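Asks: Pasting a structure here, questions to come.
Chains as they are written, first to last, in the numbering used here: chain W, 121 to 412; chain U, 444 to 823.
Laid out in structure tokens, this is it:
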């Protein structure tokens, strides 16, 4: 006799998950596997490679300090960006959560509005703000505060600023979602037991919102360390990150095997970091932060 | 240009031999073509004459605007074949896209001359042109065709225009006298540190380093000295630009006051009234551009398009619009005064006054030099 399907039948669960699993296999696992295979191909000349297997690309990556230096620089810039996002993003999130403004949705909408404009255009807009003839320099020059335009563009500061602009909404939303999950009666209880507002924040609100902050930090770090467009537009050659190195190797040198090797390295490094981080922080906490 | 069914079968056979068609597709289409010859039903003719558009990819900006306005729009009006356009800032970028696409997805490329021609040929990405289908090639400068023919006796591209990468400077900051006196040395002048630009391209950087070190760009003897000069320019540079649009933006906004620059883009800036001067120092880097047909393209239509683009009236209008001299031989075709005044224009038709890169020499060193340049550009 056939077993009838029940609501929590494992077969039903697999059936529901199957489309997503297939998508993941075809559009994530398989491309990564192809890239991994490419790392062992032989580069012949620009745009030409053979499937003769070699470890030359990995050997070059592991023995050439140029790549390690680039990787460390990328991780450093990613970490700085994530930390700044954390510091700058917490307060707006707290404000949106704590405000008694009855149209709170407007504030949340304002956070999402920038996503309606192309990321590239948003990044380009900084050129008109930070450039020699940008708003800031022109205003300062006209007010007589400076005699020469300040060099604010095409340096690491501009790259980090561009990434902050792009990543802050992710941080704010993560922290906000986490704050929203806090039972406000806990704060009232703390206050009724003699805590000042600052103490209640330090002892109750902040610890309970940490999962959101942690999730935001992870997200911002991974996105910053993997970014390519912002350093390309707002930085000079010296401010390039690992993503730019991959781009130049594949698109400039037309060296796909080495480009694939660098891509897999970045994937492994960021993947390992995310795995260790979530293990250290506790997966459930991160998921709670991401999902509320 | 209408294709006979016989010719269509030949084309199908060529595409099959090039590997563009599977055996099954080839046989199916051959059967359909044969049936069309035998039965000649009107619907079958329609089905086979399916080419309604040609894909073109170019450099965008003022250059592509001119090509679109003076060549593609009249071509579409005449033939009803639409030219679908794409753009790229760096030709290596489009080569990567072509490699990952199906043959025929990309068809005609406004390519950067023989240096890049080799890359397409090495990658097996090209089609062979039937020159008989492009009668206007008779007007094209022979010295421009020869370098291509040296690489592949049967051509896959037709030269279309040429120009130089000279020195552009902001005349509010640098006088024409100073520019003339210092020439390519302006790119290494510490007085302009932080206000220098340059094309983010290995060939241009190495070429100008060669001029700065007094070496022949087509026979470099001291590469250490070259890389030292490349680093020197890098340290003085504010930004290396990667597209014509970015070059124009940096110059017009005053972010940089001196850079190596494409002659046509500078002419466009001058037309817009910007205070930009231009000079070609001795040994300035000259280059040519061509219309290259890729594997899997509808050859008859692509050849017809290129023939249309090479028609003197079209070619002259495009040249005036994009500010680059056309590949037409001035000893055979009467060009306009405006073209004769364009930077880099060679009235003799011999091209001897221009220094082009030796394609074989540069292709031999391309991989190693590009890798080194990419490192230096990132601070190494």
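Just so it is clear, CB atoms sit at the ideal spot from N, CA and C, and this is done for glycine as well.
Note that this is a predicted model, so its numbers are computed, not measured.
1) Name the one or two DSSP bridge partners that residue 815/U has.
2) Could you tell me which chain U residues have their CB closer than 9 Å to the CB of residue 171/W, listed as they occur along the chain?
3) As a quick exercise: from 379/W, 295/W, 399/W, pick the residue whose alpha carbon is nearest that of residue 181/W.
4) Using a Cβ cut-off of 8 Å (strictly closer), state whether residue 637/U contacts chain W.
5) Per DSSP, residue 719/U is paired with what?
6) Helix, strand or coil for residue 266/W, going by three-state DSSP, please let me know.
7) Any Cβ of chain W within less than 8 Å of the Cβ of residue 696/U?
8) So, for residue 217/W: in the same chain, excluding its five sequence neighbours on each side, which residues have a beta-carbon less than 7 Å away from its beta-carbon?
9) Strictly under 8 Å for the Cβ-Cβ distance: is residue 770/U near chain W by that measure?
10) Give the single residue among 507/U, 816/U, 804/U, 503/U whose Cα lies nearest to the Cα of residue 659/U.
11) Rank 521/U, 543/U, 571/U, 503/U by C-alpha distance to the C-alpha of residue 741/U and give the top, closest one.
12) Exposed or buried, which one is residue 733/U when buried takes at least 16 other CB atoms within 10 Å?
13) For the beta strand (DSSP E) holding residue 826/U, just list the boundary residues, first then last.
14) Measure the C-alpha to C-alpha separation of residue 546/U and residue 192/W and round it to an integer number of angstroms.
15) If we cut at 8 Å on Cβ distances, does residue 739/U have a partner in chain W?
16) Using a Cβ-Cβ cut-off of less than 8 Å, list which residues of the stretch 533-551 of chain U approach chain W; keep chain order.
17) Where in the stretch 164-192 of chain W do unbroken runs of the alpha helix (DSSP H), each at least 4 residues long, occur, reported from the N-terminal end onward?
18) Classify residue 787/U as helix, strand or coil using the three-state DSSP reduction.
19) Taking a Cβ distance cut-off of 7 Å, strictly less, list which residues of the stretch 788-814 of chain U are near chain W, in chain order.
20) Does residue 71/W get closer than 8 Å to chain U when you measure Cβ to Cβ?
21) When burial is assigned at 16 or more other CB atoms within 10 Å of the CB, is residue 128/W buried or exposed?
22) From residue 377/W to residue 534/U, what does the alpha carbon distance come to, in whole angstroms?
23) Mind checking if residue 633/U is an interface residue toward chain W, Cβ cutoff 8 Å exclusive?
24) From the beta carbon of residue 356/W, is the nearest beta carbon of chain U less than 8 Å away?
25) Verify the CB distance criterion: does residue 363/W have a CB-CB separation below 8 Å to chain U?
26) Assign residue 319/W to buried or exposed, taking buried as 16 or more other Cβ atoms, counted over all protein chains shown, within 10 Å of its Cβ.
27) Would you say residue 608/U and residue 642/U are within 8 Å of each other, going by their C-beta atoms?
28) So, does the CB of residue 370/W fall closer than 8 Å to a CB anywhere in chain U?
29) So the candidates are 149/W, 187/W, 171/W; which of them puts its Cα closest to the Cα of residue 178/W?
30) What residue does the beta strand (DSSP E) around residue 277/W start on, and which one ends it?
31) Tell me where the beta strand (DSSP E) around residue 245/W begins and ends.
32) Residue 360/W: which of 370/W, 369/W, 348/W sits nearest, CA to CA?
33) If we require 3 or more residues per run, which beta strand (DSSP E) segments fall completely within the stretch 722-799 of chain U?
34) So with CB distances below 8 Å, who are the chain U contacts of residue 251/W?
35) Applying the criterion that 16 or more other CB atoms from any shown protein chain within 10 Å of the CB defines a buried residue, is residue 159/W buried or exposed?
36) Using a C-beta cutoff of 8 Å, does residue 165/W count as contacting chain U?
Replies: In short:
1) The sequence position of residue 815/U within the second chain is 372, counting from 1. BP columns for residue 815/U are empty, so no partner.
2) Within the first chain, residue 171/W is the residue found at index 51, counting from 1. Those do not exist, as residue 171/W stays about 15 Å from chain U at its closest Cβ, beyond 9 Å.
3) Taking the first residue of the first chain as position 1, residue 181/W is located at position 61. It is 379/W.
4) On the second chain, residue 637/U is found 194 positions in, with the first residue counted as 1. Output row for residue 637/U: interface = yes.
5) As a working note, residue 719/U is residue 276 in the second chain. For residue 719/U, which the question treats as bridged, DSSP gives the partners 613/U.
6) Within the first chain, residue 266/W is the residue found at index 146, counting from 1. Three-state DSSP puts residue 266/W in coil, outside helix and strand.
7) As a working note, residue 696/U is residue 253 in the second chain. Yes, residue 696/U lies at the interface with chain W (some Cβ there is under 8 Å from its Cβ).
8) In the first chain, the residue the question calls residue 217/W occupies position 97. So the list reads 296, 299, 300, once near-sequence residues are dropped.
9) For the purposes of this step, residue 770/U is taken as residue 327 along the second chain, with counting starting at 1. Not one chain W Cβ lies under 8 Å of residue 770/U.
10) Translated into the one-based positions of the second chain, residue 659/U becomes position 216. Nearest C-alpha to residue 659/U: 804/U.
11) Locating residue 741/U in the second chain gives position 298, where the first residue counts as 1. Comparing Cα positions, the closest option is 571/U.
12) Stepping through the second chain from its first residue, residue 733/U is reached at position 290. Buried, because 16 or more other Cβ atoms sit within 10 Å of the Cβ of residue 733/U.
13) Any answer about residue 826/U is impossible in this case: the structure gives chain U only from 444 up to 823.
14) For the purposes of this step, residue 546/U is taken as the residue at position 103 of the second chain. For the purposes of this step, residue 192/W is taken as the residue at position 72 of the first chain. Going by the C-alpha atoms only, they are around 40 Å apart.
15) Along the second chain, read from residue 1 onward, the residue named residue 739/U stands at position 296. With 8 Å as the cut-off, residue 739/U does not count as an interface residue toward chain W.
16) 533, 535, 536, 538, 539, 542
17) 176-183
18) Taking the second chain and counting its residues from 1, the one referred to as residue 787/U is at position 344. Coil, per DSSP.
19) 809, 810, 813, 814
20) The structure shown does not extend to residue 71/W, since chain W is modelled only from 121 through 412, so no value can be given for it.
21) As a first step, residue 128/W is located in the first chain; it is residue number 8 there, counting from the start. Counting Cβ neighbours within 10 Å, residue 128/W comes out exposed, since fewer than 16 surround it.
22) Position 257 of the first chain holds residue 377/W. Position 91 of the second chain holds residue 534/U. Those two C-alpha atoms are separated by around 20 Å.
23) Residue numbering aside, residue 633/U sits at position 190 when the second chain is read from its first letter. Not closer than 8 Å to any Cβ of chain W, the Cβ of residue 633/U fails to qualify, so no.
24) Sequence index remark: in the first chain, residue 356/W carries index 236 (1-based). Chain U, which has a Cβ nearer than 8 Å to the Cβ of residue 356/W, makes this yes.
25) Position 243 of the first chain, counted from the first residue, corresponds to residue 363/W. No, because no Cβ of chain U sits closer than 8 Å to the Cβ of residue 363/W.
26) Locating residue 319/W in the first chain gives position 199, where the first residue counts as 1. By the 10 Å Cβ count, residue 319/W comes out exposed.
27) The sequence position of residue 608/U within the second chain is 165, counting from 1. The sequence position of residue 642/U within the second chain is 199, counting from 1. Closer than 8 Å, so yes.
28) Locating residue 370/W in the first chain gives position 250, counting from the first residue. Closer than 8 Å: yes.
29) To locate residue 178/W, count along the first chain from 1; it is residue 58. Among 149/W, 187/W, 171/W, the Cα nearest to that of residue 178/W belongs to 187/W.
30) In the first chain, residue 277/W corresponds to position 157, counting from 1. No beta strand (DSSP E) holds residue 277/W; the alpha helix (DSSP H) holding it covers 276-300.
31) Within the first chain, the letter at position 125 stands for residue 245/W. Run containing residue 245/W: none in the beta strand (DSSP E); it sits in the alpha helix (DSSP H), 239-250.
32) Residue numbering aside, residue 360/W sits at position 240 when the first chain is read from its first letter. Checking every option, the nearest Cα to that of residue 360/W belongs to 348/W.
33) 728-736
34) Here residue 251/W is taken as the residue at index 131 of the first chain, counted from 1. Under the 8 Å cutoff, chain U gives 696, 698.
35) Position 39 of the first chain, counting from 1, holds the residue named residue 159/W. The residue in question, residue 159/W, is buried, as its Cβ has 16 or more Cβ neighbours within 10 Å.
36) As a position in the first chain, residue 165/W is number 45, starting the count at 1. Yes, contact with chain U.
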